[in-house]
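First the structure, in the form of structure tokens, and then the observations on it.
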Amino acid sequence: MSTAIRPQELDTLKDKIKDIRYATLTTLETDGDFHSRPMYTHGLDDDGTLWFFTYEDSRKVEEIRSNNRVGINYSNETAETYVSLAGTAEVKKDKAKIDALWNDGLKAWFPKGKDDPNITLLKVNFHQAEYWDKPGGKVNSLFQMAKGALTGQPDTSSRNEKFGEEPS
Numbered sequence: 001m002s003t004a005i006r007p008q009e010l011d012t013l014k015d016k017i018k019d020i021r022y023a024t025l026t027t028l029e030t031d032g033d034f035h036s037r038p039m040y041t042h043g044l045d046d047d048g049t050l051w052f053f054t055y056e057d058s059r060k061v062e063e064i065r066s067n068n069r070v071g072i073n074y075s076n077e078t079a080e081t082y083v084s085l086a087g088t089a090e091v092k093k094d095k096a097k098i099d100a101l102w103n104d105g106l107k108a109w110f111p112k113g114k115d116d117p118n119i120t121l122l123k124v125n126f127h128q129a130e131y132w133d134k135p136g137g138k139v140n141s142l143f144q145m146a147k148g149a150l151t152g153q154p155d156t157s158s159r160n161e162k163f164g165e166e167p168s
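In UniProt numbering, the protein residues as written are 1 to 168.
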């Protein structure tokens, strides 16, 4: 992964998103508008590479081939964890990786199975990330709200960190 994100930061990000299966993938349409859609994360490699299944003839593939810069957002409302990633995507027709990531649950989206010639993968590497979270999740939020109402003091228990930078 070509990134300015340090190994310790990558570990933090992987820990934040490891249990969040659905992401929002944002691409750029040919007219410059953003196009976002939910995607199921099918793989998260040790180096932070994200993998998504899609159809090769999909609009997102067309958009990525036109401009490979993407945004990916993860959110877990219960844990109050939100992660935003900026990076690049590439379309990978990698049969070995498709076989490695495939599970029969994917037949809901790809009824012809893993050998469908239209199946491809999106490989996403990110160079910039930001997260927001609140240790203790919703329970802590409720406590902080009650505490704030009683004391008039603002909630300062949230965390926010930004990692990486634009590639040179």
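Just so it is clear, CB atoms sit at the ideal spot from N, CA and C, and this is done for glycine as well.
Quiz prompt | Secondary structure of K162, DSSP reduced to three states | solution = For the purposes of this step, residue 162 is identified with residue 162 of the sequence shown, where counting begins at 1. Of the three classes helix, strand and coil, the one that applies to K162 here is strand, per DSSP.
Quiz item: Closest to A86 by CA distance: which of D19, T30, V70 and N118 is it?
Solution: Counting from 1 along the sequence shown, the entry for residue 86 is found at position 86. When only C-alpha atoms are compared, the closest one is V70.
Self-check item: Local conformation of A79 per DSSP, three classes
Solution: Along the sequence shown, one-based indexing puts residue 79 at 79. Note: A79 maps to coil in three-state DSSP.
Self-check item: Same chain, Cβ closer than 6 Å to F143, neighbours up to 5 away in sequence not counted
Solution: Mapped onto the sequence shown, residue 143 falls at position 143. For F143, the predicted model reports a pLDDT of 45, less than 50, meaning its position is unreliable and no value from the coordinates is stated.
Self-check item: Sequence-distant residues of its chain with Cβ nearer than 7 Å to I98 (five each side left out)
Solution: One-based indexing of the sequence shown puts residue 98 at position 98. Counting only Cβ-Cβ distances below 7 Å, and skipping sequence neighbours, we find K114, I119 and L121.
Self-check item: Inter-residue spacing [alpha-carbon to alpha-carbon] between T40 and D31
Solution: The residue given as residue 40 occupies position 40 in the sequence shown. The residue given as residue 31 occupies position 31 in the sequence shown. Reading the sequence as shown, one finds Tyr at residue 40 and not Thr. For Y40 and D31, the distance between alpha carbons rounds to 26 Å.
Exercise. Grab me the residues of K16's own chain with a C-beta within less than 6 Å of its C-beta, minus the 5 sequence neighbours each way, in chain order.
Key: By one-based count along the sequence shown, residue 16 stands at place 16. Excluding residues within five positions, the ones whose Cβ falls inside 6 Å are T81, V83 and Y131.
Quiz prompt | Start-end ranges of the beta strand (DSSP E) lying completely within the segment 25 to 87, minimum 3 residues | solution = 34 to 40, 50 to 55 and 69 to 76
Quiz prompt | Integer Cβ distance of E90 from K123, believed to fall under 8 Å | solution = In the sequence shown, residue 90 corresponds to position 90, counting from 1. In the sequence shown, residue 123 corresponds to position 123, counting from 1. Confirmed, about 5 Å.
Practice problem: Note down, in chain order, each residue of its chain lying with its Cβ closer than 7 Å to the Cβ of G137, except the 5 sequence neighbours on either side. | Solution: Within the sequence shown, residue 137 is the residue found at index 137, counting from 1. In this predicted model, G137 has a pLDDT of only 47, less than 50, meaning its place in the structure is not dependable; the value taken from the coordinates is given anyway. Answer for G137: T78, A79 and E80, listed in chain order.
Quiz item: Where A4 and P111 are concerned, what is the direct C-alpha to C-alpha distance, given to the nearest angstrom?
Solution: Your numbering for residue 4 matches position 4 in the sequence shown. Your numbering for residue 111 matches position 111 in the sequence shown. Rounded to the nearest angstrom, the two C-alpha atoms are 39 Å apart.
Quiz prompt | Between the CA atoms of T27 and K60 - distance to the nearest angstrom | solution = As a position in the sequence shown, residue 60 is number 60, starting the count at 1. As a position in the sequence shown, residue 27 is number 27, starting the count at 1. Across the structure, K60 and T27 are spaced so that their CA atoms are roughly 7 Å apart.
Practice problem: Write down the C-beta distance between F53 and H42 rounded to the nearest angstrom, noting that I regard them as a contact closer than 8 Å. | Solution: For the purposes of this step, residue 53 is taken as the residue at position 53 of the sequence shown. For the purposes of this step, residue 42 is taken as the residue at position 42 of the sequence shown. Between H42 and F53 the Cβ distance is about 6 Å, and since that is below 8 Å, they are a contact.
Practice problem: Check the DSSP bridge columns for Q128 and list the partner residues they point to. | Solution: Numbered from 1 along the sequence shown, position 128 holds the residue referred to as residue 128. In the DSSP secondary-structure assignment, Q128 is bridged to A86 and G164.
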